[in-house]
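Asker:
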Amino acid sequence: MQDKTVDIVIMDDDADICLLMKNVLKFAGYTVQTCSTPDSLTKTVAEVHTKLIIMDMLLAGFDGREICASLKKRPLTSNIKIMMMSAHPDGEKSCLLAGADLFVEKPFDIDTLIAKVNQILK
Amino acid sequence: MHTAQDRFLNGGGNMGKLIREKNWRTTSLGDISLWPQSLRTSLSIILNSKFPMFLFWGPQLICFYNDAYRPSLGNDGKHPFILGVPAQKAWPEIWHIIGALIDNVMNGGEASWSEDQLIPIFRNGKIEDVYWTFSYSPVYNEEGKPGGVFVTCNETTGNVLNLKKLEESDKKFRNTVMQAPVSIVILRGRDFVIESANDSYLELIDKKEKEFIGQKLFDELPAAKETVEPLLLGVMDSGEPFNATELKVMLNRYGKKEPGYFNLVYQPLREADGSINGIMVVASEVTEQVKLKFSLQESEKQFRNMVMQSPIPMTIFRGDDHIIEIANNVMIRDIWRREPSELIGRKALEVFPELNDQKYPELLKKVLHTGIAHREYESVAYVQGDDGMKKFYLDYEYAPLYETDGSISGVMITVNDVTERAEARGKLKEAEERIRLAAEASQLATWDLDLCTRDVIYSPRLTEIFGHKESAILSHQDLRNQIHPDDIHSIVEKAFDAALQNGYYSYEARLVCPDNNIRWIRTQGKVYYDDKNVPVRLLGTMMDITGAKEDEEKIAKFAAIVQSSNDGIISKTLEGIVTSWNDSAQRIFGYTGAEMTGQPISKLIPEERLEEEQDILARLKKGEMIDTFETQRITKQKNLIDVSLTVSPIKNISGNVIGASKIIRDITTQKLNERLIKESEQKFRLLADSMPQFIWISDVLGNLNYFNQTVFDYSGLSPEQINEGGWLQIIHPDDREENIKQWQYAISTGEPFFFEHRFQHKDGEYRWQLSRAVPQKDENGKIQMWVGTSTDIDEIKKHEQQKDDFIKMASHELKTPVTTIKGYVQLLLKMHGAGNDAFLSSSLLTIDKQVGKLTKLITDLLDLTKIETGSLHLNNERFNLAETVKEIVYDLQTAIPTHRIILLELANGYVHGDKDRISQVINNLITNAIKYSPGANNIIVELCEKDSNMVVSVQDFGIGIAQQEQHKIFERFYRVAGKDEKTFPGFGIGLFIVNEIISKHNGKVRVESEKDKGSKFYISLPRVF
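Protein chains in written order, with our numbering: chain A, 186 to 307; chain B, 5 to 1029.
1) Can you grab the Cα-Cα spacing for the pair residue 1026 (chain B) / residue 1006 (chain B), in whole Å?
2) Consult DSSP for residue 918 (chain B) and reduce its assignment to one of helix, strand or coil.
3) Under the assumption that residue 31 (chain B) contacts residue 88 (chain B) (Cβ atoms under 8 angstroms), give the Cβ distance between them as a whole number of angstroms.
4) If you reduce the DSSP assignment to three classes, tell me which class residue 687 (chain B) lands in.
5) For a quick check, are the C-beta atoms of residue 943 (chain B) and residue 958 (chain B) less than 8 angstroms apart?
6) Do you know whose CA, among B:975, B:498 and B:756, lies nearest residue 993 (chain B)'s CA?
7) With C-beta atoms as the reference, is residue 668 (chain B) less than 8 angstroms away from residue 572 (chain B)?
8) For a cutoff of 8 angstroms on Cβ pairs, would you count residue 830 (chain B) as touching chain A?
9) Measure the beta-carbon distance from residue 891 (chain B) to residue 946 (chain B) and round it to whole angstroms, keeping in mind my assumption that it falls under 8 angstroms.
10) Which first and last residues belong to the beta strand (DSSP E) in which residue 67 (chain B) is found?
11) For residue 326 (chain B), which of helix, strand or coil comes out of DSSP?
12) Shorter than 7 angstroms, the distance from the beta carbon of residue 945 (chain B) to the closest heavy atom of the ligand GTP, or not?
13) At the 8 angstroms Cβ level, is residue 283 (chain A) part of the contact set with chain B, yes or no?
14) Between residue 208 (chain A) and chain B, is the shortest Cβ-Cβ distance under 8 angstroms, so that the two count as touching?
15) At a Cβ threshold of 8 angstroms, is residue 994 (chain B) touching chain A?
16) Tell me which residues of the region 795 to 829 of chain B have at least one Cβ-Cβ distance to chain A shorter than 7 angstroms, keeping chain order.
17) Which value, in whole angstroms, describes the spacing of the CA atoms of residue 231 (chain A) and residue 286 (chain A)?
18) Using the Cβ count rule (16 or more neighbours within 10 Å means buried), how would you classify residue 291 (chain A)?
19) Is residue 954 (chain B) close to chain A, meaning its C-beta is less than 8 angstroms from at least one C-beta of that chain?
20) Just grab the DSSP bridge partners of residue 516 (chain B) for me.
21) Quick check on residue 290 (chain B): does DSSP put it in helix, strand or coil?
22) By DSSP's criteria, residue 780 (chain B) is part of a beta bridge. Which residues make up the other side?
23) Residues of chain B with a CB under 8 angstroms from the CB of residue 273 (chain A): which are they?
24) Evaluate the contact criterion for the region 125 to 140 of chain B versus the region 149 to 165 of chain B: three or more CB pairs, one atom per stretch, below 8 angstroms.
25) Within the 8 angstroms Cβ cut-off, does residue 205 (chain A) reach chain B?
26) For residue 304 (chain A), tell me which candidate among A:267, A:279, A:198 and A:277 has the shortest Cα-Cα distance.
27) Go ahead and pull the three-state DSSP assignment for residue 89 (chain B).
28) Which whole runs of the beta strand (DSSP E) in the region 138 to 210 of chain B are 3 residues long or more, in chain order?
29) I need the straight-line Cα distance from residue 848 (chain B) to residue 858 (chain B), nearest angstrom please.
30) Give the residues from the region 830 to 860 of chain B that approach chain A closer than 8 angstroms (Cβ to any Cβ), ordered along the chain.
31) At a CB-CB cut-off below 7 angstroms, which residues of chain B make contact with residue 201 (chain A)?
32) From B:728, B:785 and B:798, pick the residue whose C-alpha is nearest to that of residue 761 (chain B); which is it?
33) Just the C-alpha distance for residue 443 (chain B) and residue 619 (chain B), rounded to the nearest angstrom, thanks.
34) Since residue 198 (chain A) meets chain B, which of its residues come closer than 7 angstroms, beta carbon to beta carbon?
35) One question on the structure: do residue 650 (chain B) and residue 632 (chain B) come within less than 8 angstroms of each other, judged by their Cβ atoms?
36) Please confirm if the region 232 to 241 of chain B is in contact with the region 201 to 211 of chain B, defined as three or more CB-CB distances below 8 angstroms between the two stretches.
So this is what it looks like as structure tokens:
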């Protein structure tokens, strides 16, 4: 049951990055929930209603692009926008191919990040 | 059930039934009941006809056909599907042929007629070549306009193909015949027009093909008309071939009239319908055979005469029955003593039954069967004559008589009654002597000169020798005038004077014939004196010795050639005895001609090669020529030398081998050089094979033709396998295309080849190799070949890969903490930057700036790795460079307060490339300009178009670059030192990356700079439209 609603769910296996982004996006006025593994992400999207998922492209042991593709395939989650990030500048193309709506290169300017999120959730 | 509406289909056979059964409501014609009378009538005619017919009806040309037509559609084809189908759908494969014909008829044109036309149609499961004779005619409808097209047709494929086959076989026959080694001419019509004649025939009648073919035979050969024309007409009329053997024809050959003999066949040529419209004349020339036969007949005649006139008893028995064919008078009179009528034509053993008890029948049989003559002296024989039995002592010979085919048909018996033998021999000898004298007389001229009056009398042969007719009358002066001017005084007059002195006249001189030919004569004579010892007559003979003189000259010339030849030339007998020896032979072997002539050739042959000479002599005796071969011989100084030998047999006039000539060439030096080359090549190969590198050689065209052993050891392939499959099979499939490209480039430009690629080891693993090849040039700079090496760099490659992987991983890992720091600094700036704490906000700004620099360094490091591994990929697109420059300048200006970036000129233009990378380059140049001009505050950026390139320039007024440093700045890790060697932060790879990116875009980077005045960087990129 999706009783709860948050604007953005963030998944990154680096807890500091998760926290940073949560702070930045909260500062920008959004409600945010974080998770660090694909399992917890699956659990979170099942329980919480959200509009945007931001996740890292390469997580320890997982490929974010596969998770992205499977989310986009499932009817329940296919409407959720997905923004992917990576330190690989060349990752943009493959992420968009996997179904991601947006890509942000690490390290990012928080202004750029906020602008992109604003654009997608407008 | 028939209805009233389809009664017109009655008796329409199978097709009529199909029409009745078909549902026509779905077609454009509608139900049968609605069909117009014109269609009904047409169909009733077609369906009841036994002739193949077809109908196209209505605007859609709906197809109908009858039972007679149906077989032409074959099996597995159109039947029955095209019934009721529009024509274009039914006949798509031939619509391009028949469409226009049908349209023509439908538009009121005339009926068409086509005969034996090829129209391939689909039947029997495939497209088949089918020939048709057909007509398209209009069928008029109720309005009087063409309502359909009526087709009567007949398939003629069988006829056409048969006709074609006939034509082809006829052509083939003609070609074969025309190339036959007999003379052939083909004549057409009763005028005998020459249709063709082969080369052999043209040669025979001495005519050119151009002027002969197409003419009437007897216009060309009028002389033959009388005899040949009736024969030819006879053949035309009767149709029977005419054969003639040994027909005599006078021929004009090589401008000379001479008789020729031919076996002829006049063969009538029939048309397909059996009528005769021509004649093939086949003539095979048998002149030689006929002449031979004539000469045989002649010699047989002479032979009989000889038998008959011989003073010795002779007879001939023919066949196994020993029929007495002829016997001469001496035989009949002296030996047999019978009447000729009792003997000739009868069996010898019946006439002389007493012989049966003697040895002679057995001997006759033996000679007849073996062909070996039997001779016996003083043999006793008993012969029953009319005067009783008489005993003879006879020398006799049974000689086999051969036919022209080599079979033995009889025995010639020569008998000599011993008592009369001496007498008979004496008679024979006398006759021989007379013949010899007569023969000689015919060649010798005789003459008689009166020394007082100078009148000369001579035999007719003399005028002939002087080149006149036999009947010519020549004075002594005339004869003298014909002596060659060079010979008259020095030879003839001297000889004459000598003759007057010693009485004997003899000379050899030249005379000039009226036709200006030079002839050699030999004159011999004797002076006769009167009783007062005054010379009064000179009697003598003269002989034409031109032939002998010419031979002498030829021999002298030939001898001179032999003597002066650079090769040793030796002749020897078949026993191996040297008969001649030239100067070069002396030079090669050291022996003089005198030392070697008469000596065995084996003197020159090393002991172990003596057999070789035996073999040569044996082959020579068979008349074989010995091809040049290389061997060894011994000189006078006992040195072993290498020689090449050519030996050919010397034959006498009758063609018998009487000796051999040897041409000898000293090839010691050549052999030595060959050995040296071989040795040096062996050394090189040994060296090459023992090297760990691959070594290979290619010709000028790039074909590899040598590999050292290492290549075969490494790849596990045999030389044959590499030869057959090509060397590329060793190269990794991913490297082949580029390998070929680079190799071809090197071959076509002559520039050294330099390439890294993977070679497959025999265990299947690929290892990296660095291959280089350089062209080897001759003294004129022309490339002779390419020598290449390949060195294993697999370990180095692996280390490089590990290093690159590490840098990639490290720079990626660095980004994660940077992201966090940067994010928090920016967040803090947002939250507190505008507050009152000046220290906090300036500290945060500094951290943010330094994190920016750190990010830039990490990005550069990643780019460097990509460039070095070749993995810098471009996402090329066409974009507006002016807009890009404008954006960059705007963005940088907002972030940089220290300098003013002035955009001086902005030409509009597009380029093709990776927009992000080009932006990175321009960004880099501007940031550099700011970094190296700390004391200035203006940066000038321009975008111009020049020579179809877009050129971006960035100018600063900073520290500048010294002239000698300028070429280094695009190298890796180069950094410009500032005043007092103060260094600027950075890895020194920015300009290296700039250069690499621009190069990859087929663009150029350059710099103009002066120390302490500033620098201006230019990048140019090809403009696109």
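A virtual CB, placed ideally from N, CA and C, is assigned to each residue, including glycine. Just so it is clear, the structure is predicted and the values come from calculations on it, not from any experiment.
Answerer: So, from the data block:
1) 7 angstroms
2) strand
3) 5 angstroms
4) helix
5) Contact: yes.
6) B:975
7) A contact, by the Cβ cut-off of 8 angstroms.
8) yes
9) At roughly 16 angstroms, the Cβ-Cβ gap does not stay under 8 angstroms, so residue 891 (chain B) and residue 946 (chain B) are not in contact.
10) 66 to 69
11) coil
12) Absence of the ligand GTP from the depicted structure is noted, as is the absence of any ligand whatsoever, leaving it without description.
13) Residue-level contact by beta carbon fails for residue 283 (chain A) and chain B, as no gap is shorter than 8 angstroms.
14) The Cβ of residue 208 (chain A) sits closer than 8 angstroms to at least one Cβ of chain B.
15) Taking Cβ atoms only, chain A never reaches closer than 8 angstroms to residue 994 (chain B), which makes this a no.
16) 816, 819, 820, 822, 823, 824, 826, 827 and 828
17) 20 angstroms
18) buried
19) No, its Cβ sits nowhere closer than 8 angstroms to a Cβ of chain A.
20) B:522
21) coil
22) B:789
23) What residue 273 (chain A) touches in chain B: 816.
24) The region 125 to 140 of chain B vs the region 149 to 165 of chain B: in contact.
25) At least one chain B Cβ lies under 8 angstroms of residue 205 (chain A).
26) A:267
27) coil
28) 150 to 159, 187 to 192 and 197 to 201
29) 15 angstroms
30) 830, 831, 834, 835, 855 and 859
31) 824
32) Closest option to residue 761 (chain B), Cα to Cα, is B:798.
33) At residue 443 (chain B) the pLDDT is 45, less than 50, meaning the model places this residue with poor confidence; the figure from the coordinates comes in the next sentence. Using only the alpha carbons, I get a separation of about 45 angstroms.
34) Scanning chain B for C-beta atoms nearer than 7 angstroms to the C-beta of residue 198 (chain A) yields nothing, as the closest lies near 10 angstroms away.
35) yes
36) no
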